[in-house]
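Trainee: Okay, here's the structure, questions in a sec.
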Amino acid sequence: QTTRLEFEEGEYVVRRRYNDFIWLRQKLVDTYPTHIIPPMPGKHTLLAQLDRYSKEFIIARMKLLHIFLNRVVNHPILSCDKNLHIFLTTKPTEFLIHRKNRGNMLEKVTDSLQNIASTYTMKQRHLEFEQIRDYCTALGEKLSTIDKINHRIHKERQVISHVVHYNAIDYLLELHQLHPIFTLWSTSEPELAPILLAIAKAIEANAMAHKKLLENVPNDEREYVSYIEAVKSALSRRDSMQIEYEITIDVLAKRRLEKDQLIGNTSYTIPAQGWGGSLWKAESRDEKLERLGQTIPRLAKQAEILQDRVECANENLRSDFQRWNVEKQQDLKNMLITMADRHIRHYQQCMNAWEEILTGLKLDGIGSDVNVGPSVKIPV
């Protein structure tokens, strides 16, 4: 649904596959290399605990793809992209035609930027963007550490081991087995039946709460680490543009120096060609000056264009980073609150189940006069 004037209708219903989202993101990277392009959710890595053909997997992936699309449409520049418009509005047959028409020129530009970054080293590093890169690296490491701890706790909840590792106990299975044990015990102990059935009920409630907690596989931190990597990728593309500008400046300086040396050297002679020399005639002094006279203005014009491109890239990244910084604070806050709420609900459900037993005991007059003594320290 939309209220924008560039859309002919107010609502569109389209069906898109995962690879269509990949196509859209690549188009955005090729068209806007100096902007932060939101990341795609991993095809299988983020949802490794689920069967990729199950309904739960499909719903989880749809949610992540929806987050990606919301980030794109909320961006003031990316939301106006023609490829996004095609993605959101066209019918399947028309969309397939657009997908086959590849923009080779933009893809080549993006590939060349990546090749430059991997081959050359930037001479003058921009302090502002280096600080952003360092911040992203530190934040990514912290979130990765939280993610590892969450998955380790999640794994330990699935299987709780004794000191001897080969003798493992499935905690959830044991909880489910305790329920019929206490229920059967109550049939042979009529006087204790109420308390035994209450304990059985509390154990089953704990088992259900534990099962529900295990079903919620924590992936928020890992998904956000990929967003941080997208920010770092945008920084790398900006660095590639600066490297290309620096290379052009170096070549221009060499050509100007070469021209100055030729002008100052009036006694320049053409090198003699021996038997092992080239078959082509060497350039004379005037020919070299003429060639340099054509090359230098062209390089100067190219350097000016590249400088403007670097400055635009800097402004685009500054603007995007400010937006991302505000968005990131809210995202991290929601992520941590969700994590805390998930565990609070789990322990609250477990505690409520056991408190019901205590309430029932006090109503029956059992344990109402029991005084809790000082805590006893158990020696290790």
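In this text, residue positions in the sequence shown follow full-length UniProt numbering: the first is 1, and each later residue adds one.
Ideal Cβ positions, reconstructed from N, Cα and C, are used throughout, including at glycine.
When burial is assigned at 16 or more other CB atoms within 10 Å of the CB, is residue 92 buried or exposed?
Mentor: exposed
Trainee: Please go through the same chain and pick out, in chain order, the residues whose beta-carbon is closer than 6 Å to the beta-carbon of residue 209, but skip the five residues on each side of it.
Mentor: These residues qualify, in order along the chain: 346, 349, 350.
Trainee: What residue range is occupied by the uninterrupted alpha helix (DSSP H) comprising residue 210?
Mentor: 193-215
Trainee: Return helix, strand or coil for residue 168, following the three-state DSSP convention.
Mentor: Low confidence applies to residue 168: its pLDDT is 36, below 50, so where it sits in the model is not reliable, and the reading given next is rough at best. Looking at residue 168 - three-state DSSP - the assignment turns out to be strand.
Trainee: Are residue 39 and residue 226 close, meaning C-beta to C-beta below 8 Å?
Mentor: yes
Trainee: For residue 296, I'd like the list of residues in its chain whose CB is within less than 8 Å of its CB, leaving aside the five on either flank, ordered along the chain.
Mentor: Excluding the 5 residues flanking it on each side, residue 296 has same chain C-beta neighbours closer than 8 Å at 252, 255, 256, 259, in chain order.
Trainee: According to DSSP, is residue 306 helix, strand or coil?
Mentor: helix
Trainee: Does the Cβ of residue 13 lie closer than 7 Å to at least one heavy atom of the ligand FAD?
Mentor: What this structure holds is no ligand at all, so the ligand FAD is not there to describe.
Trainee: Given 8 Å as the limit, is there contact between the segment 234-245 and the segment 307-316, that is, 3 or more CB pairs closer than that?
Mentor: Verdict: yes, contact present.
Trainee: List the endpoints of the continuous alpha helix (DSSP H) containing residue 264.
Mentor: Residue range 220-264 is occupied by the alpha helix (DSSP H) that includes residue 264.
Trainee: Give the secondary structure of residue 126 by DSSP, where H, G and I count as helix, E and B as strand, and everything else as coil.
Mentor: coil
Trainee: Reducing DSSP to helix, strand and coil, say where residue 20 ends up.
Mentor: helix
Trainee: Go to residue 90, then tell me how far its alpha helix (DSSP H) extends in each direction, as first and last residue.
Mentor: Premise fails: residue 90 is in no alpha helix (DSSP H) and is neither H nor E.
Trainee: In angstroms, rounded to a whole number, what distance separates the CA positions of residue 320 and residue 20?
Mentor: 25 Å
Trainee: Just mark residue 286 as buried or exposed, buried being the case when its beta carbon has 16 or more other beta carbons within 10 Å.
Mentor: exposed
Trainee: Output needed for residue 87: all residues of its chain with C-beta closer than 6 Å, excluding positions within five of it in sequence on either side, in chain order.
Mentor: The residues are 24.
Trainee: Let me know the secondary structure DSSP gives residue 54 once reduced to three states.
Mentor: coil
Trainee: Using the Cα positions of residue 145 and residue 97, report the straight-line distance between them to the nearest angstrom.
Mentor: 44 Å
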